[in-house]
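**Q**
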Amino acid sequence: MRDVRTALWNGYLLQEVLCAPYLRPEDSLIHSSAYSHVLYQNLFPHLLKESQHICYPLLHWFSADQARTWRGSCGRKPRVIGYVGRLTDDKNFPQALDLLAKLRQSQPSAFKLQAVGEGRGPLGHPLVMKRLGGNLSGYEWVPTANRDQIWSHYTQFDILFFPSTSTLETFGRVLVEASYVGVPILAATHGAAPELLEPDALLPTTYQADVPFSVHLAAPLGQVDIVKAADLLQSGQFIPKSTGHTLYEGDDKRFLAIVRHGNEAGCLSSQRCPKISQTRFISRIQMNELALSPNINTDAVLQKLCTKFVALHRRDHISYGLALLELLAHSRYLSKTWEFVRRSIVKGEDFTNIGGIDLQFSHLLQLYPWFRLISEASTQDKNTQEETPCLDQSQS
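Per our numbering, residue 2 is the first one in the sequence shown, and the count goes up by one each step.
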């Protein structure tokens, strides 16, 4: 069993490239969304549909006491716009700041933005100061909250703003958490959002066409319509609550059944159909260099990676330093590799650091896929009357 937790990102793409020669019909690949499933089927046509499952078992850990507890500001001003997640460019956090600035132009004290997460959110950060014109009224930053604390934030939001068009996006855990609590959501029409939210909760989203993107770097693929978002909030127009979390109820039991009994046990849920907007987006992805050289011996590659993997955890041995030096010697992205080296040496981070060792191993193989989104006009005729068939989990 293996899973996919990010989309256009070298760590999980490398996983599939290395697994390809060894796959058997009884092996299982777990996705968190129909979007992820269709994307990977498109990138890796060799994957067997009956070996892939849409399953997110972590609702098991959501507190029953928090279900549908949303209350918001109860009509008091300012209304609270919540942002939860990494405060980074790829998640379009700057657009959350732009939304607050836009709202303040006509209703200076009617809205408040509460940003919860790590990244470029602290009050004195240059990004915050620039986007808000030096005026921090109505802006609050909250450091990363733990699992117990985050629920109290959701209950106080009047709306959750999720503008992410990140190359990493396959799911959006915050969408499921907010849905569980009952918070209305405004989100980009990207990733899994179209299958988790009602159409009226999705914002027009414009992608960057014919721009090269590296799967080694997280980046925003486009932007949401801030003017539309501001108009919806100022008009008080009803934004439907999501019930997206209900798609995953019982997935904890289903996951255990797959572990115990294999792919046939994954056929316990109803159909999950990707939305037209998702299939149109995926059809625009033009991926390049997503393969190892045909002359490479995969057994030898894996043996080399295993040796380096062990070396990177033997901090009391000379092989540790040599492995770090080899990464630096081969890396095309030195700033990210230097950060990995620093965190390994100073913080003692190990393979459990997501986006760490798996990403760095691509340097040893010189595997650097990249992609672009072809213009929508190029795919419009093809997609006008076309929709990807449902992913019937009785078969897949």
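All residues carry an ideal CB built from backbone N, CA and C; glycine is no exception.
Can you check whether the CB of residue 187 is closer than 9 Å to the CB of residue 128?
**A** no
**Q** Expressed to the nearest angstrom, what Euclidean distance is found between the alpha-carbon atoms of residue 291 and residue 372?
**A** 9 Å
**Q** Locate the beta strand (DSSP E) running through residue 224, then write down its first and last residues.
**A** 223-225
**Q** Indicate the three-state DSSP secondary structure (helix, strand or coil) for residue 271 in the structure shown.
**A** In this prediction, residue 271 scores a pLDDT of 47, lower than 50, which makes its location untrustworthy; no coordinate-derived value is stated.
**Q** Select from 206, 249, 94, 282 the residue whose C-alpha is nearest the C-alpha of residue 126.
**A** 94
**Q** Tell me the residue span of the beta strand (DSSP E) that contains residue 2.
**A** Careful: residue 2 lies outside any beta strand (DSSP E) and carries neither H nor E.
**Q** Run the CB neighbour count on residue 227, radius 10 Å, all protein chains shown included, and call it buried at 16 or more, exposed below.
**A** buried
**Q** Taking residue 195 and residue 276 to be in contact with their CB atoms under 8 Å, please state how far apart those CB atoms are, rounded to whole angstroms.
**A** With a contact defined as Cβ atoms closer than 8 Å, residue 195 and residue 276 qualify at about 4 Å.
**Q** Answer with buried or exposed for residue 23, where buried requires no fewer than 16 other C-beta atoms within 10 angstroms of its C-beta.
**A** By the neighbour-count criterion, in which 16 or more other beta carbons inside 10 Å mark a residue as buried, residue 23 falls on the exposed side.
**Q** If you drop the 5 nearest sequence neighbours on each side, which residues of the same chain put their C-beta closer than 6 Å to that of residue 359?
**A** Answer for residue 359: 12, listed in chain order.
**Q** Pairs of beta-carbons, one from the region 102-120 and one from the region 238-250, closer than 8 Å: are there three or more?
**A** Because the criterion of three Cβ pairs below 8 Å is not met, the region 102-120 and the region 238-250 do not touch.
**Q** Taking the alpha carbon of residue 255 as the point to measure from, which residue in 116, 61, 158, 367 has its own alpha carbon closest?
**A** Comparing Cα-Cα distances from residue 255 to each of 116, 61, 158, 367, the minimum goes to 61.
**Q** Would residue 97 and residue 168 be called neighbours here (beta carbons separated by less than 9 Å)?
**A** No, these two residues do not count as a Cβ contact at 9 Å.
**Q** Name the two residues that bound the continuous beta strand (DSSP E) containing residue 154.
**A** First-last for residue 154: 148-157, but that is the alpha helix (DSSP H), not the beta strand (DSSP E).
**Q** State the DSSP-derived secondary structure class of residue 11, mapped to helix, strand or coil.
**A** helix
**Q** Where does residue 5 land, buried or exposed, given buried means 16+ other C-beta within 10 angstroms?
**A** buried
**Q** Is the beta carbon of residue 171 sitting closer than 9 Å to the one on residue 224?
**A** no
**Q** Counting pairs of Cβ atoms below 8 Å between the region 51-61 and the region 27-36, do you hit three or more?
**A** yes
**Q** Could you name the residues of the same chain whose beta carbon sits closer than 6 Å to that of residue 242, not counting the 5 residues immediately before and after it, in chain order?
**A** 183, 185
**Q** Excluding the five sequence neighbours on either side, which residues of its own chain have a C-beta within less than 7 Å of the C-beta of residue 145, listed in chain order?
**A** For residue 145, where only same-chain residues beyond five positions count, the Cβ hits under 7 Å are 118, 119.
**Q** What does the alpha-carbon distance come out to for the pair residue 285 and residue 2?
**A** Across the structure, residue 285 and residue 2 are spaced so that their CA atoms are roughly 29 Å apart.
**Q** Is the separation between the beta-carbon of residue 133 and that of residue 88 shorter than 9 Å?
**A** 9 Å or more divides the Cβ of residue 133 from the Cβ of residue 88.
**Q** Using CA coordinates, which residue listed in 99, 344, 157, 280 is at the minimum distance from residue 135?
**A** 99
**Q** Nearest to residue 370 by alpha carbon, out of 311, 158, 218?
**A** 218
**Q** Out of 40, 19, 18, which has the shortest C-alpha to C-alpha gap to residue 287?
**A** 40
**Q** Output the boundary residues of the beta strand (DSSP E) element that contains residue 55.
**A** Where residue 55 is concerned, the enclosing beta strand (DSSP E) stretches over 53-55.
**Q** Span of the alpha helix (DSSP H) holding residue 277?
**A** Unbroken alpha helix (DSSP H) run through residue 277: 277-284.
**Q** Name the DSSP beta bridge partners of residue 289, please?
**A** Residue 289 has 371 as its beta-bridge partners, per DSSP.
**Q** If residue 204 sits next to residue 230, beta carbons under 8 Å apart, how far is it from one beta carbon to the other, in whole angstroms?
**A** 6 Å
**Q** DSSP state of residue 220, grouped into three classes?
**A** coil
**Q** For the beta strand (DSSP E) containing residue 38, list its first residue and its last residue.
**A** Run containing residue 38: none in the beta strand (DSSP E); it sits in the alpha helix (DSSP H), 35-44.
**Q** Check this for me: beta carbons of residue 158 and residue 189, under 9 Å apart or not?
**A** With respect to the 9 Å criterion, residue 158 and residue 189 are not classified as neighbours on the basis of their beta carbons.
**Q** By the three-class DSSP mapping on this structure, what secondary structure does residue 140 have?
**A** strand
**Q** Tell whether a beta-carbon distance below 9 Å holds between residue 58 and residue 201.
**A** no
**Q** How long is the line joining the alpha carbons of residue 363 and residue 351, rounded to whole angstroms?
**A** When rounded, the distance between both Cα atoms is 17 Å.
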